[in-house]
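Residue numbers (the working numbering): -18 to 289.
This report concerns only the one structure given below.
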């Protein structure tokens, strides 16, 4: 990747939180490069370090070691001028003044960032997100509309690099669709987007690349299509009364894996599934629950995490 064209470069980033009870490593030697204009998803289970990473980039949490560059300029907690060049929404938190209207919040934030307020751009963003109540105090708006206001405020000063941590929180299905349209419009403007989410289907719709974290380490960094491609067609979830472990079952079935209290079995086609059901007969007295379903992106992602 051309170093001169990088919007974000993270080198050897590590962070450990210390407490009286125990130390928790949130990030360990994280390296990520994102090119200007790229749309990248950040995926991972709870506690994987996603939110910590976004907060460190925004100088809300200090790092232990490592370097971060935005538009080839190294950032530090001592110099926060770079914040004018980025836009951020954190974990669905709005960070807006609820006494002001949507329009007034946008005007105020532009003033803070030293940017000229562009009313036509504000109206364009509001239309894309489906926000119509522009002049009421934000406190009178629904949770979903408050999130829409926060999204507008995060980008109203027209930053080139935008970070979003769980932007779908508080949005209904229609709101998520509007958000996808909003993010695509930003991408079409050449903005660089780094979007953290638990929602794999959402990220698949809008990103070309996914970075996956687990226990603070980069587990995967590559094309979204490679991470979400389905090798299997069906999945069975079985819970047994007895303490059968995965190793025992693998003597009978090659395609099983344990998740929580269930044991999951994967099938590439219908004949494979039929063969499994016939073989499962020998365990029928020990089966507590059984569920068969189509193999989903979520199943694929969870299987990937289990294998690592």
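Each residue gets a CB set at the ideal place from its N, CA and C atoms; glycine is no exception.
Between the alpha carbons of residue 67 and residue 276, how many angstroms are there, rounded? 38 Å
Using 8 Å as the Cβ pair cut-off and three pairs as the minimum, do the region 152 to 168 and the region -13 to -5 touch? no
Can at least three beta-carbon pairs, one atom from the region 33 to 47 and one from the region 119 to 128, be found at a separation below 8 Å? no
Where the alpha helix (DSSP H) through residue 129 begins and ends: 124 to 136
In this structure, how does DSSP classify residue 9 when only helix, strand and coil are distinguished? It is a strand residue.
Within the region -3 to 65, ranges of the beta strand (DSSP E) (whole runs, at least 3 residues): 4 to 16, 20 to 24 and 46 to 51
Which same chain residues end up closer than 8 Å to residue 39 when comparing Cβ atoms and leaving out the 5 residues on each side of it in sequence? 64, 67, 69, 71 and 144
Ignoring anything shorter than 3 residues or poking outside the region 175 to 200, list the beta strand (DSSP E) runs there in chain order. 190 to 195
From which residue to which residue does the beta strand (DSSP E) around residue 143 run? 142 to 146
Are residue 189 and residue 20 close, meaning C-beta to C-beta below 8 Å? yes
Do you know how far the Cα of residue 219 is from the Cα of residue 272? 6 Å
Looking at the strands, I want to know which residues DSSP matches up with residue 218. In the DSSP output, where bridge partners are listed per residue, residue 218 has 245 and 272.
What separation, rounded to the nearest whole angstrom, lies between the Cα atoms of residue 137 and residue 181? 27 Å
Of the choices 56, 140 and 18, whose alpha-carbon is the least far from that of residue 97? Ranking 56, 140 and 18 by Cα distance to residue 97 puts 140 first.
Minimum Cβ-Cβ distance from residue 259 to chain D less than 8 Å: Structure shown: chain D not included; a single protein chain is present.
Would you identify the three-state DSSP class for residue 80, choosing helix, strand or coil? coil
Near residue 8, which residues of its chain fall below 7 Å by C-beta distance, leaving aside the five closest residues on each side in sequence? -6, -5, -4, 30, 33, 34 and 197
If we call anything under 8 Å between Cβ atoms a contact, is residue 149 one with residue 160? yes
So the candidates are 57, 162, 116 and 281; which of them puts its Cα closest to the Cα of residue 86? 116
Measuring straight from C-alpha to C-alpha, what distance separates residue 36 and residue 42? 6 Å
Between which two residues does the beta strand (DSSP E) holding residue 69 run? 67 to 70
Buried or exposed for residue 10, please, with buried defined as at least 16 other CB atoms from any protein chain shown within 10 angstroms of its CB. exposed
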